[in-house]
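Student: A single structure is presented below for examination.
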Amino acid sequence: MHSINGVIRCVLVMATLGAVAGSASADGLKPLGGIEPLAPGVASTLPDKGVLPRREGRVVATVGAELFGGPSSFGANAVATLRLAETIGFGIGLRGATGGGPFLRIEAIGLAVNHWAFIGFADYALSDSWVGGALIAPLRRDTYVRVAVSADEQGNGSMSLGVEYDLW
Amino acid sequence: MVKMIVLAAVVMSGCAIRSTRARDATLHYHPTLDELRTAPAVGPMEPLPRAPLATIALKRVTSAYPQPIGLDYSDDGGFRKVIGVEWSAEELEAALSDALPLALAGADSAVMHARGSIVSVALYRFGGTMYALAALELRVSHEGAEVYAARYTASLQGPDREQLLVALANRLVSQIAHDDHLAVALGGGVR
Numbered sequence: 001m002h003s004i005n006g007v008i009r010c011v012l013v014m015a016t017l018g019a020v021a022g023s024a025s026a027d028g029l030k031p032l033g034g035i036e037p038l039a040p041g042v043a044s045t046l047p048d049k050g051v052l053p054r055r056e057g058r059v060v061a062t063v064g065a066e067l068f069g070g071p072s073s074f075g076a077n078a079v080a081t082l083r084l085a086e087t088i089g090f091g092i093g094l095r096g097a098t099g100g101g102p103f104l105r106i107e108a109i110g111l112a113v114n115h116w117a118f119i120g121f122a123d124y125a126l127s128d129s130w131v132g133g134a135l136i137a138p139l140r141r142d143t144y145v146r147v148a149v150s151a152d153e154q155g156n157g158s159m160s161l162g163v164e165y166d167l168w
Numbered sequence: 001m002v003k004m005i006v007l008a009a010v011v012m013s014g015c016a017i018r019s020t021r022a023r024d025a026t027l028h029y030h031p032t033l034d035e036l037r038t039a040p041a042v043g044p045m046e047p048l049p050r051a052p053l054a055t056i057a058l059k060r061v062t063s064a065y066p067q068p069i070g071l072d073y074s075d076d077g078g079f080r081k082v083i084g085v086e087w088s089a090e091e092l093e094a095a096l097s098d099a100l101p102l103a104l105a106g107a108d109s110a111v112m113h114a115r116g117s118i119v120s121v122a123l124y125r126f127g128g129t130m131y132a133l134a135a136l137e138l139r140v141s142h143e144g145a146e147v148y149a150a151r152y153t154a155s156l157q158g159p160d161r162e163q164l165l166v167a168l169a170n171r172l173v174s175q176i177a178h179d180d181h182l183a184v185a186l187g188g189g190v191r
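Same order as they appear, the protein sequences are chains A and B. Residue 168, in my numbering, is where the first sequence stops; the numbers in between run on with no holes. Residue 191, in my numbering, is where the second sequence stops; the numbers in between run on with no holes.
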């Protein structure tokens with residue numbers, strides 16, 4: 001039974017990893033350039049500015065996938081977060097690892113400048129909990145890299161590397 | 001212990017700081033920074049096609065772009081600072097004024113006339129990298145009536161301002177010289 005649960009968790013986490021990677025590649029922008037026909041004799045207007053990153057908004061919904069590892073644990077997280085002003089977040093996640101499972105994530109005490117952010121977070125699960133800090137750096141329009149260090153209740157540390165994608 | 005830390009984090013979430021002073025990094029009439037970053041790097045100069053459309057003469061190239069044309073940032077990171085303002089692109093205008101007549105070949109037999117207008121120039125520096133975009137409108141008239149109009153847009157990135165703008169001008173001229181619709185509008189042209 002435990003192994004079936006583990007397989008299901010792994011499938012869910014891997015599906016999220018794939019979905020985030022797919023979304024991140026979907027926001028690929030084409031190089032600006034080319035020939036645009038205009039109506040002869042009619043004044044033209046310049047093209048509108050492109051779509052700004054969703055993170056410019058006050059509240060964004062973000063999905064992310066993270067690989068983590070440490071002396072006593074290794075696995076992957078899939079997380080969906082609602083984040084206010086880039087620094088205050090509340091989310092739910094699924095941890096694919098030994099003793100993993102669903103968890104709640106709270107993000108706070110953040111500093112965000114030009115879409116680069118340092119935020120503190122706490123992942124709370126029934127089996128175990130972690131606190132840590134993350135650096136989030138912009139990669140492309142709605143895609144971000146997240147590097148984090150955290151520790152569990154026993155003081156075991158781990159590092160994680162992940163990708164975030166803003167849905168709206 | 002963890003619950004206490006979580007509680008403290010929630011209470012202290014008022015400490016969150018977010019800077020919104022430098023949103024998106026570009027001026028409102030320019031493409032976004034993400035779009036500018038898609039520009040290809042400056043490569044070796046391609047030889048310009050000479051006199052591809054021998055029935056058209058260029059009257060002049062005018063500058064009609066909003067200013068300033070961009071900003072200089074100290075770097076590309078989160079704590080970047082504006083350290084300068086870009087106001088004009090004389091190198092681009094000079095290069096276009098030199099290269100465009102050659103591409104359009106104002107021969108004595110020219111029966112059509114063209115006017116070029118640089119309608120947008122964006123030039124942004126992030127540390128050692130510059131991103132540039134230029135848009136040129138070309139309007140061709142025959143016996144006082146416009147018969148063809150198009151906007152040519154090119155973008156590039158590179159370390160050197162002058163090289164970047166000259167390469168940008170050449171890219172625009174190359175687009176015009178290879179514009180099949182323009183050749184058709186001119187009745188076939190000479191290619």
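Note that the Cβ used here is the ideal one computed from N, Cα and C, for glycine as well.
Report the rounded CA-to-CA distance for residue 33 of chain B versus residue 77 of chain B, giving the unit in angstroms.
Tutor: Approximately 13 Å between the Cα atoms of the pair.
Student: Have a look at residue 193 of chain B and residue 27 of chain B and give me their C-alpha separation to the nearest angstrom.
Tutor: Lying outside 1 to 191, the shown extent of chain B, residue 193 of chain B is not represented and no answer is given.
Student: Report the rounded CA-to-CA distance for residue 140 of chain A versus residue 71 of chain A, giving the unit in angstroms.
Tutor: For residue 140 of chain A and residue 71 of chain A, the distance between alpha carbons rounds to 32 Å.
Student: Does DSSP put residue 111 of chain B in a helix, a strand or coil?
Tutor: Note: residue 111 of chain B maps to coil in three-state DSSP.
Student: By the three-class DSSP mapping on this structure, what secondary structure does residue 155 of chain B have?
Tutor: Residue 155 of chain B falls in the strand class under three-state DSSP.
Student: For the segment 53-81 of chain B, which residues have a CB atom closer than 7 Å to at least one CB atom of chain A, in sequence order?
Tutor: Residues 77, 78, 79 and 80.
Student: For chain B, is any of its Cβ atoms less than 7 Å away from the one on residue 57 of chain A?
Tutor: Closer than 7 Å: no.
Student: Quick check on residue 127 of chain A: buried or exposed, where buried means 16 or more other Cβ atoms within 10 Å of its Cβ?
Tutor: It is exposed - the Cβ of residue 127 of chain A has fewer than 16 other Cβ atoms within 10 Å.
Student: Pull the bridge partners of residue 90 of chain A from the DSSP assignment, please.
Tutor: In the DSSP output, where bridge partners are listed per residue, residue 90 of chain A has A/82 and A/106.
Student: Skipping 5 residues on each side, what residues in its chain have a beta carbon closer than 6 Å to that of residue 136 of chain A?
Tutor: Excluding residues within five positions, the ones whose Cβ falls inside 6 Å are 117, 144 and 146.
Student: Curious, which full-length beta strand (DSSP E) runs of at least 3 residues does the segment 124-181 of chain B contain?
Tutor: You should have 129-142 and 145-158.
Student: Mind reading off the beta-carbon distance from residue 175 of chain A to residue 106 of chain A? Whole number of angstroms is fine, and I expect it under 8 Å.
Tutor: Residue 175 of chain A cannot be examined here, being either before or after the span of chain A that is shown, 1 to 168.
Student: Could you check whether residue 44 of chain A and residue 52 of chain A sit closer than 7 Å to each other, using their CB atoms as the reference points?
Tutor: No, the Cβ-Cβ distance between residue 52 of chain A and residue 44 of chain A is not below 7 Å.
Student: Which two residues bound the contiguous alpha helix (DSSP H) that contains residue 101 of chain B?
Tutor: Where residue 101 of chain B is concerned, the enclosing alpha helix (DSSP H) stretches over 90-104.
Student: So, with DSSP's three-state summary, where would you put residue 33 of chain B?
Tutor: Helix.
Student: Determine which residues of the segment 68-95 of chain A have a Cβ less than 9 Å from any Cβ of chain B, and write them out in chain order.
Tutor: From the segment 68-95 of chain A, only 84, 85, 86, 87 and 88 have a Cβ closer than 9 Å to chain B.
Student: Look at the alpha carbon of residue 68 of chain B and the alpha carbon of residue 88 of chain B, and state the distance between them as a whole number of angstroms.
Tutor: Roughly 7 Å between the two C-alpha positions.
Student: Are three or more beta carbon pairs between the segment 125-136 of chain B and the segment 84-104 of chain B nearer than 8 Å?
Tutor: Yes: the two stretches touch, three or more of their Cβ pairs being nearer than 8 Å.
Student: Taking only the alpha-carbon atoms, compute the straight-line gap between residue 142 of chain A and residue 56 of chain B and give it to the nearest angstrom.
Tutor: Cα to Cα, residue 142 of chain A sits roughly 46 Å from residue 56 of chain B.
Student: Output, in sequence order along the chain, the residues in the segment 146-165 of chain B whose CB is closer than 8 Å to any CB in chain A.
Tutor: Going along the segment 146-165 of chain B in chain order, one finds 146, 147, 148, 149, 150, 151, 152, 153, 154 and 155 with a Cβ nearer than 8 Å to chain A.
Student: Starting from the C-beta of residue 84 of chain A, find all residues in its chain whose C-beta is less than 6 Å away, skip the five residues before and the five after it, and write them out in chain order.
Tutor: Cβ neighbours of residue 84 of chain A beyond the five flanking positions: 59.
Student: Cβ of residue 116 of chain A less than 7 Å from any chain B Cβ?
Tutor: Yes, residue 116 of chain A lies at the interface with chain B (some Cβ there is under 7 Å from its Cβ).
Student: Who are residue 124 of chain A's beta bridge partners in DSSP?
Tutor: Beta-bridge pairing links residue 124 of chain A to A/104 and A/129.
Student: Does residue 97 of chain B come within less than 7 Å of chain C when only Cβ atoms are used?
Tutor: Looking at the structure shown, chain C is missing, and the protein chains on hand are A and B.
Student: Go ahead and label residue 158 of chain A buried or exposed: buried means 16 or more other beta carbons lie within 10 angstroms of its beta carbon, across all protein chains shown.
Tutor: It counts as buried.
Student: Closer than 8 Å, Cβ to any Cβ of chain A: which residues of the segment 112-135 of chain B, in chain order?
Tutor: Those residues of the segment 112-135 of chain B that come within reach of chain A (Cβ to Cβ, closer than 8 Å) are 119, 120, 133 and 135.
Student: Please look up how many angstroms separate the CB atoms of residue 39 of chain B and residue 156 of chain B, rounded, as I've assumed it's under 8 Å.
Tutor: About 5 Å separates the two Cβ atoms, so the contact holds.
Student: Of all the options A/77, A/163 and A/155, which has the alpha carbon lying nearest to the alpha carbon of residue 93 of chain A?
Tutor: The shortest C-alpha separation from residue 93 of chain A is found at A/77.
Student: Determine whether the Cβ of residue 141 of chain A lies closer than 7 Å to any Cβ atom of chain B.
Tutor: Cβ-Cβ to chain B under 7 Å: yes for residue 141 of chain A.
Student: From the beta carbon of residue 184 of chain B, is the nearest beta carbon of chain A less than 7 Å away?
Tutor: Taking Cβ atoms only, chain A never reaches closer than 7 Å to residue 184 of chain B, which makes this a no.
Student: Between the alpha carbons of residue 175 of chain B and residue 91 of chain A, how many angstroms are there, rounded?
Tutor: C-alpha separation (whole angstroms): 50 Å.
Student: Would a check of beta-carbon distances place residue 33 of chain A closer than 7 Å to chain B?
Tutor: It does; some Cβ of chain B falls within 7 Å.
Student: For the candidate residues B/93, B/99, B/180 and B/35, whose alpha-carbon lies nearest to that of residue 149 of chain B?
Tutor: Checking every option, the nearest Cα to that of residue 149 of chain B belongs to B/180.
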